[in-house]
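Take a look at the structure set out below.
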Amino acid sequence: MSRTSLDDITGMDGDDQFASFRDRFDIPEGVIYLDGNSLGCLPKATRERVNDVVTREWGQDLIRSWNTNDWINAPTRIGDKIARLVGADAGEIITGDSTSINVFKCLSACLKLNSERYTLMTETGNFPTDTYMIE
Numbered sequence: 026m027s028r029t030s031l032d033d034i035t036g037m038d039g040d041d042q043f044a045s046f047r048d049r050f051d052i053p054e055g056v057i058y059l060d061g062n063s064l065g066c067l068p069k070a071t072r073e074r075v076n077d078v079v080t081r082e083w084g085q086d087l088i089r090s091w092n093t094n095d096w097i098n099a100p101t102r103i104g105d106k107i108a109r110l111v112g113a114d115a116g117e118i119i120t121g122d123s124t125s126i127n128v129f130k131c132l133s134a135c136l137k138l139n140s141e142r143y144t145l146m147t148e149t150g151n152f153p154t155d156t157y158m159i160e
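What follows is the structure, given as structure tokens:
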């Protein structure tokens, strides 16, 4: 087995089809950032997109953005993108609030069904945050 030389490595870097991918991110000079499972580097396009959403969609279009900028369909549109990643068909995945928030919404709706009932029961084996939502 032969040793890899510095020239070999430099050559491989020159042929790297993903080398320009780094330019898509704001990375401080001299930083090699390998934390991909937490908060990754800021994509340059994200800053532009967030600025557009805040300034135009929210700031100017206001409530009309639910229709004119298609906010109303975001959970389905994003779900369809996730579906492609996990091998599901379009329309099979929808994004939404966190599980805890959805549990709270469900419990609140149950209590509103009959205003004479105000007690919720649970069992000790429930996931702790589910019980916190009841409290």
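Residues 26 to 160 (my numbering) are what the sequence shown spells out, left to right. Virtual Cβ for every residue (Gly too), placed ideally from N, Cα, C.
Neighbour-count burial assignment, residue i, 16 or more Cβ in a 10 Å radius
i: Val-79; result: exposed
DSSP-derived helix/strand/coil call for residue i
i: Phe-50; result: strand
i: Leu-145; result: coil
i: Arg-102; result: helix
i: Arg-72; result: helix
i: Val-79; result: helix
i: Ala-115; result: coil
i: Ser-125; result: helix
i: Ser-140; result: coil
i: Thr-154; result: helix
i: Ile-88; result: helix
Residue i Cβ short of 7 Å to the ligand SAM heavy atom set
i: Arg-74; result: The ligand content of the structure shown is nil, which means the ligand SAM is not present either.
Residue(s) in a DSSP beta bridge with residue i
i: Leu-67; result: Asp-51
Neighbourhood of residue i by C-beta, 8 Å cutoff - its chain only, sequence neighbours within 5 removed
i: Val-128; result: Thr-154, Asp-155, Met-158
i: Trp-91; result: Ile-97
i: Pro-100; result: Ile-119, Thr-120, Gly-121
i: Arg-142; result: Leu-136
Sequence-distant residues of its chain with Cβ nearer than 6 Å to residue i (five each side left out)
i: Thr-93; result: Asp-86
Same chain, Cβ closer than 7 Å to residue i, five either side skipped, listed in chain order
i: Pro-68; result: Arg-49, Phe-50
i: Ile-103; result: Thr-120
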